[in-house]
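Notes to accompany the following structure.
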Amino acid sequence: MKKKKYDRLKKECFEYLREVFAPEERIFVFGEGNLNARIMLVGEAPGEEETVQQRPFVGKAGKILNMFIETLGVGRDEMYVTNIVKFRTVKKNENTGRLSNRPPRRQEVSLCMPFLLREIQLVLPRVVVSLGNTALQALSSNVRAAIGKEHAKTANMTLPGGETVCLFPLYHPASVIYNRSLAGVYEDDLKKLGRLMRERFDRGTP
Ligand code: URA
Numbered sequence: 186m187k188k189k190k191y192d193r194l195k196k197e198c199f200e201y202l203r204e205v206f207a208p209e210e211r212i213f214v215f216g217e218g219n220l221n222a223r224i225m226l227v228g229e230a231p232g233e234e235e236t237v238q239q240r241p242f243v244g245k246a247g248k249i250l251n252m253f254i255e256t257l258g259v260g261r262d263e264m265y266v267t268n269i270v271k272f273r274t275v276k277k278n279e280n281t282g283r284l285s286n287r288p289p290r291r292q293e294v295s296l297c298m299p300f301l302l303r304e305i306q307l308v309l310p311r312v313v314v315s316l317g318n319t320a321l322q323a324l325s326s327n328v329r330a331a332i333g334k335e336h337a338k339t340a341n342m343t344l345p346g347g348e349t350v351c352l353f354p355l356y357h358p359a360s361v362i363y364n365r366s367l368a369g370v371y372e373d374d375l376k377k378l379g380r381l382m383r384e385r386f387d388r389g390t391p
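The opening position of the sequence shown corresponds to residue 186 in my numbering, with each subsequent residue numbered one higher.
This is the structure we're talking about:
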């Protein structure tokens, strides 16, 4: 039942994005995982490796994410993992012609947001973990929200259908690659997330 809905949603999303972008211009990557997950992770946008494999978080950031997930004692197969934006957002170096990732623009976020909300509604996890600033700002509907201030602070998020889910903001796993000093903060935040999950999951509260 949920699988059918998921397949339809993914198809609808890709058809919609194909109308917006030239077919060869973008490779789309949809969320994946356990459709009955109690925890959903939401990143920013796929990177290069993710577009090759057409799966979220399978590159460098994904490897770090997997390590973090292990510390929570939850398998990745128990989670649903997705991104705000369903395609790689890039900038081109005019001298070398090389592409590198850039943060998504507001318009790109707005384009994909309705599909993400429907993904959340479909899975209806107890906790949605936003990874990094883009995901935090999009999910808290606050473009001024800053992960440096909001990390590990829970908030309630109301879905278009009126359902509420708990939002837990984490730094983006890639930020630890660039800023090693965040490793300790990340560890503490994961401990808090572990506690929150035990609370929410054991008590059976929705
Ligand atoms: N970074 C993200 O935010 N998402 C991915 O899927 C990969 C890297």
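Ideal Cβ positions, reconstructed from N, Cα and C, are used throughout, including at glycine.
Inset, instruction - Run through the segment 273 to 334 for me and flag every whole alpha helix (DSSP H) of 4 or more residues, listed as ranges in chain order. - result: Whole alpha helix (DSSP H) segments, 4+ residues: 291 to 308 and 318 to 324.
Legend entry - Alpha-carbon to alpha-carbon, E233 and R283: For R283 and E233, the distance between alpha carbons rounds to 12 Å.
Inset, instruction - Give the straight-line distance between the Cα atoms of L202 and G216, rounded to the nearest whole angstrom. - result: Rounded to the nearest angstrom, the gap between the Cα atoms of L202 and G216 is 15 Å.
Inset, instruction - Go to L250, then tell me how far its alpha helix (DSSP H) extends in each direction, as first and last residue. - result: L250 -> alpha helix (DSSP H) spans K245 to L257.
Legend entry - Sequence-ordered residues whose beta carbon comes within less than 7 Å of a heavy atom of the ligand URA: Counting only residues whose CB is nearer than 7 Å to a non-hydrogen atom of the ligand URA, the list in chain order is V214, G228, E229, A230, P231, G232, E235, P241, F242, G244, A246, G247, N268, L316, G317, H357 and A359.
Legend entry - Backbone CA spacing between V314 and P354 [nearest angstrom]: Distance between the alpha carbons of V314 and P354: 6 Å.
Inset, instruction - Examine the ligand NAP and report whether any of its heavy atoms sits within less than 7 Å of the Cβ of R303. - result: Only the ligand URA can be found as ligands here, which leaves the ligand NAP out of the picture.
Inset, instruction - For C351, I'd like the list of residues in its chain whose CB is within less than 8 Å of its CB, leaving aside the five on either flank, ordered along the chain. - result: Once the five neighbours on either side are set aside, the close Cβ partners of C351 are R311, V312, V313, T339, A340, N341, M342, L381 and R385.
Legend entry - Span of the beta strand (DSSP E) around F353: Start and end: T349 to L355.
Inset, instruction - Can you say whether D192 is buried or exposed, counting buried as having 16 or more other CB atoms within 10 angstroms of its CB? - result: Burial check for D192: the Cβ neighbour count within 10 Å stays below 16, so the residue is exposed.
Inset, instruction - Just the C-alpha distance for P391 and E229, rounded to the nearest angstrom, thanks. - result: Caution applies to P391, whose pLDDT of 46 falls short of 50 and renders its modelled position unreliable; the value that the coordinates give is listed next. Straight-line Cα distance between these residues: approximately 26 Å.
Inset, instruction - Could you check the C-alpha separation between F199 and D374 for me, to the nearest Å? - result: Each residue's alpha carbon lies about 34 Å from the other.
Inset, instruction - Between the Cα of Y356 and those of K334, L344, G347 and G346, spot the shortest distance and give me the residue it belongs to. - result: Of the listed residues, the one whose Cα sits closest to Y356 is K334.
Inset, instruction - Reducing DSSP to helix, strand and coil, say where M382 ends up. - result: Residue state, collapsed to three classes: helix.
Inset, instruction - Compute the Euclidean distance between the alpha carbons of A323 and T281, then round it to the nearest angstrom. - result: Whole-angstrom Cα-Cα distance: 33 Å.
Inset, instruction - Let me know the secondary structure DSSP gives E372 once reduced to three states. - result: Reduced to three states, the DSSP call for E372 is helix.
Legend entry - Backbone CA spacing between P231 and A337 [nearest angstrom]: Roughly 23 Å between the two C-alpha positions.
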